[in-house]
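Residue numbers for the sequence shown follow full-length UniProt numbering, beginning at 1 and rising by one.
We put the CB at the ideal spot given by N, CA and C, even for glycine.
Shown next, in structure tokens, is the structure this report addresses.
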Amino acid sequence: MKAQEQFHRDTWVEVDLDAIEHNIEQISQVIGPKVGIMAVVKANAYGHGYVQIAKTALSSGATHLAVAFIDEALFLRKQGIQAPIVVLGASRPSDAELAARQSIRLTIYSKEWLQQAETYLTKDATLLVHLKCDTGMGRLGIKTAQELKEIEKLVHDIEAISIEGIYTHFATADELDRSYTDRQMDTFTTLVAELKEKPPLVHASNSAAALFRQDSLLSIIRFGISMYGLSPSSEIADRLPAKLIPALSLHTTIVQVKKLKRGEKVSYGATYEAAEEEWIATLPIGYADGWIRKMQGFEVLVDGIRVPLVGRICMDQCMIRLPDEYSPGTRVTLIGRQGKSEIKIEEIADYLDTINYEVACAISARVPRIYWKEKKSVSVLNALM
């Protein structure tokens, strides 16, 4: 059975698992064998799919997984994934016992959180925690050495909690100017030195820092955006010390073609008017799929040719202007390569005045995902089935 026959929609994402494996191999060469890899699979693995990416990352050399919320970690556990999972975001103190029983690592970001979580813990399971230091991100985290030492002392007195790691997050590691990251690294080094016992895992590097800052590698890196083959920022894209391969492409098909006369209009608000006789095709993808209204005026690929999106993007559909008549069923590529032409996520991000992270994460769950390995379809994920 063909992959597309396992769902009934003519819009889909293709994810190249070989690219994920390749990108992990590339970062492994950059960081060396003594530094571990924590694969960041939050936000549905940046739109690529939790389970398939997690399994591929683990089989390719990652030892840990990272998510944003405990619900994501619990979902991975229900799918049979037993690798260590670190929750990087805030969790309810009342969920501490649940996390302990599921061997899910939680982030401690304040003394108050720890004191509340203690009241929910029993001696039946040990909660492994990572201490989050705010060294300049201004988000979650412990800011002072005094609070850090107080937390360490409290944990020492709580039998059901053990410190597995300590970490921070850089705000500007994806910029060429290193000064702010230097200050953050110095602050983090000072805070770690305040601990009486250094935890097994000390981590600071995101993708950008892992690629460019050997001083930040420490014991393990958090490999996120670049695991998916994308540059952490356009500012450093042409300086990457690794050859990354984008794993995601987005496709749809033409469902109807019409010839419009001069003066006829297209879509809501009648904002587009045919300047002459034009071939207009309808595509079954819209802003509910993450192909947002601001994409109006951008281009997609038909037969390897760039053609413009015309009229406002609808919730479930959008329209393009063709250079000639094409048949319904013709493949259209919105992200990725078609023939000798390619539309990169970064190009879309620039058009939308945003970042590649947001474009990938915005592709909604109702768009089916097809997973490829060694040029063969290995699985299909359809959230509606």
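task = Can you tell me which of the three DSSP states residue 113 falls into?
result = As a working note, residue 113 is residue 113 in the sequence shown. Under the three-state reduction of DSSP output, residue 113 falls in the helix class.
key: Environment of residue 179 [buried if 16+ CB atoms lie within 10 Å]   = Sequence index remark: in the sequence shown, residue 179 carries index 179 (1-based). If you draw a 10 Å sphere on the C-beta of residue 179, you find fewer than 16 other C-beta atoms in it, and that means exposed.
ask   = DSSP state of residue 172, grouped into three classes?
value = The sequence position of residue 172 within the sequence shown is 172, counting from 1. For residue 172, the three-state secondary structure derived from DSSP is coil.
Cβ shell of residue 269 (< 7 Å), same chain only, five flanking positions each side left out = Counting from 1 along the sequence shown, the entry for residue 269 is found at position 269. Its chain contains 312 as the residues whose beta carbon lies nearer than 7 Å to that of residue 269, once the 5 sequence neighbours on both sides are disregarded; these appear in chain order.
message = Among the candidates 329, 151, 349, whose CA atom is the shortest distance from the CA of residue 299?
response = Residue mapping note: residue 299 aligns to position 299 of the sequence shown, counting from 1. Residue 299 has its Cα closest to that of 349, out of 329, 151, 349.
query = Does DSSP put residue 367 in a helix, a strand or coil?
reply = To locate residue 367, count along the sequence shown from 1; it is residue 367. Here residue 367 carries a coil assignment [DSSP, helix/strand/coil].
Neighbourhood of residue 186 by C-beta, 7 Å cutoff - its chain only, sequence neighbours within 5 removed = Position 186 of the sequence shown, counted from the first residue, corresponds to residue 186. Annotation for residue 186: no residue places its beta carbon closer than 7 Å to its own, counting only its chain and skipping 5 residues before and after.
message = Just to confirm before moving on: does the CB-CB distance between residue 370 and residue 364 stay below 9 Å?
response = Looking up residue 370 in the sequence shown gives position 370. Looking up residue 364 in the sequence shown gives position 364. Not a contact, by the Cβ cut-off of 9 Å.
query = Taking just the CA atoms, how far does residue 289 sit from residue 36?
reply = Numbered from 1 along the sequence shown, position 36 holds the residue referred to as residue 36. Numbered from 1 along the sequence shown, position 289 holds the residue referred to as residue 289. Straight-line Cα distance between these residues: approximately 35 Å.
request  = Look at residue 106 and residue 95 and say whether their C-beta atoms are less than 9 Å apart.
outcome  = If you number the sequence shown from 1, residue 106 lands on position 106. If you number the sequence shown from 1, residue 95 lands on position 95. Yes, the pair counts as a contact, with Cβ atoms nearer than the cut-off.
Coarse secondary structure for residue 333, derived from DSSP in three states = Taking the sequence shown and counting its residues from 1, the one referred to as residue 333 is at position 333. Residue 333 falls in the strand class under three-state DSSP.
inquiry  = Quick check: is the beta carbon of residue 195 nearer than 9 Å to any beta carbon in chain D?
reply    = Judged by its chain identifiers, the structure shown contains no chain D, having just a single protein chain.
task = Note down, in chain order, each residue of its chain lying with its Cβ closer than 7 Å to the Cβ of residue 338, except the 5 sequence neighbours on either side.
result = Here residue 338 corresponds to residue number 338 of the sequence shown, with the count starting at 1. 301, 304.
request  = Could you tell me which of 266, 326, 244 sits nearest to residue 256, measuring between CA atoms?
outcome  = In the sequence shown, residue 256 corresponds to position 256, counting from 1. If we check each option's Cα against that of residue 256, 326 comes out closest.
task = Given a cut-off of 9 Å, decide if residue 220 and residue 192 are closer than it, judged by their beta-carbon atoms.
result = The count along the sequence shown starts at 1 and reaches residue 192 at position 192. The count along the sequence shown starts at 1 and reaches residue 220 at position 220. Cβ distance not < 9 Å, so residue 192 and residue 220 don't count as in contact.
query = To which residues does DSSP link residue 272 through a beta bridge?
reply = Within the sequence shown, numbered from 1, the residue matching residue 272 stands at position 272. Answer by DSSP bridge pairing, in chain order: 266.
query = Skipping 5 residues on each side, what residues in its chain have a beta carbon closer than 6 Å to that of residue 17?
reply = As a working mapping, residue 17 is identified with position 17 in the sequence shown. Same-chain partners within the cutoff: 56, 371, 373.
ask   = Residues bridged to residue 291 by DSSP?
value = Numbered from its first residue, the sequence shown carries residue 291 at position 291. Paired residues: none, contrary to the question.
Cβ-based neighbour list, residue 205, same chain, cut-off 6 Å, excluding 5 preceding and 5 following = Taking the first residue of the sequence shown as position 1, residue 205 is located at position 205. Within the same chain, residue 205 has close Cβ partners 216, 217, 221.
request  = Would you check if there are 3 or more beta carbon pairs closer than 8 Å linking the stretch 109-118 to the stretch 162-171?
outcome  = With a cut-off of 8 Å, the stretch 162-171 and the stretch 109-118 do not count as touching, because too few Cβ pairs lie within range.
request  = Can you give me the Cβ contacts of residue 113 inside the same chain, cut-off strictly under 7 Å, excluding the 5 residues immediately before and after it?
outcome  = Residue 113 sits at position 113 when you count from the first residue of the sequence shown. Once the five neighbours on either side are set aside, the close Cβ partners of residue 113 are 93.
key: CB of residue 19 within 9 Å of CB of residue 245, strictly   = As a working mapping, residue 19 is identified with position 19 in the sequence shown. As a working mapping, residue 245 is identified with position 245 in the sequence shown. For residue 19 and residue 245, yes; Cβs fall inside 9 Å.
ask   = In its own chain, which residues sit with a C-beta less than 7 Å from the C-beta of residue 331, not counting the 5 before and 5 after it?
value = Taking the sequence shown and counting its residues from 1, the one referred to as residue 331 is at position 331. Cβ neighbours of residue 331 beyond the five flanking positions: 251, 253.
query = Quick check: the stretch 68-88 against the stretch 141-154, are there 3 or more CB pairs under 8 Å?
reply = Short answer: they don't touch.
ask   = Mapping DSSP to helix, strand and coil, what is residue 321?
value = By 1-based counting over the sequence shown, the position of residue 321 is 321. Strand.
key: Test item: CB-CB of residue 285 and residue 63 under 9 Å   = Residue numbering aside, residue 285 sits at position 285 when the sequence shown is read from its first letter. Residue numbering aside, residue 63 sits at position 63 when the sequence shown is read from its first letter. Taking 9 Å as the cut-off, the beta carbon of residue 285 is found no closer than this to the beta carbon of residue 63.
query = In chain order, what residues of the same chain lie with their CB nearer than 6 Å to the CB of residue 44, ignoring the 5 residues before and after it?
reply = Position 44 of the sequence shown, counted from the first residue, corresponds to residue 44. Around residue 44: 50.
query = How about residue 100 and residue 74: are their beta carbons less than 9 Å apart?
reply = On the sequence shown, residue 100 is found 100 positions in, with the first residue counted as 1. On the sequence shown, residue 74 is found 74 positions in, with the first residue counted as 1. No, these two residues do not count as a Cβ contact at 9 Å.
ask   = Per DSSP, what kind of secondary structure is residue 348 in: helix, strand or coil?
value = In the sequence shown, counting from the first residue as 1, residue 348 sits at position 348. Annotated three-state conformation of residue 348 is helix, per DSSP.
Sequence-distant residues of its chain with Cβ nearer than 8 Å to residue 235 (five each side left out) = Within the sequence shown, the letter at position 235 stands for residue 235. Sequence-distant partners of residue 235 (beyond 5 residues in either direction) whose C-beta falls short of 8 Å from its own C-beta, in its chain, are 174, 175, 176.
key: Residue burial classification, residue 383 (beta-carbon count within 10 angstroms, cutoff 16)   = Counting from 1 along the sequence shown, the entry for residue 383 is found at position 383. Answer is exposed; the Cβ neighbour count stays below 16.
task = Could you tell me the distance, in whole angstroms, from the CA atom of residue 83 to the CA atom of residue 368?
result = Along the sequence shown, one-based indexing puts residue 83 at 83. Along the sequence shown, one-based indexing puts residue 368 at 368. Straight-line Cα distance between these residues: approximately 26 Å.
inquiry  = Excluding the 5 residues flanking residue 266 on each side, which residues of the same chain have their C-beta closer than 7 Å to its C-beta?
reply    = Taking the first residue of the sequence shown as 1, we reach residue 266 at position 266. Around residue 266: 272, 280, 310, 311, 319.
query = CA-CA distance, residue 241 and residue 136?
reply = Locating residue 241 in the sequence shown gives position 241, where the first residue counts as 1. Locating residue 136 in the sequence shown gives position 136, where the first residue counts as 1. Rounded to whole angstroms, the gap between the alpha carbons of residue 241 and residue 136 is 26 Å.
task = Would you kindly report the start and end of the unbroken alpha helix (DSSP H) that includes residue 282?
result = What you label residue 282 is simply residue 282 of the sequence shown in a count that begins at 1. Where residue 282 is concerned, there is no enclosing alpha helix (DSSP H), although the beta strand (DSSP E) around it starts and stops at 278-283.
ask   = Hey, would you say residue 260 sits closer than 9 Å to residue 232, going by beta carbons?
value = Reading the sequence shown from its first residue, position 260 is the one you call residue 260. Reading the sequence shown from its first residue, position 232 is the one you call residue 232. Taking 9 Å as the Cβ cut-off, residue 260 and residue 232 do not qualify as a contacting pair.
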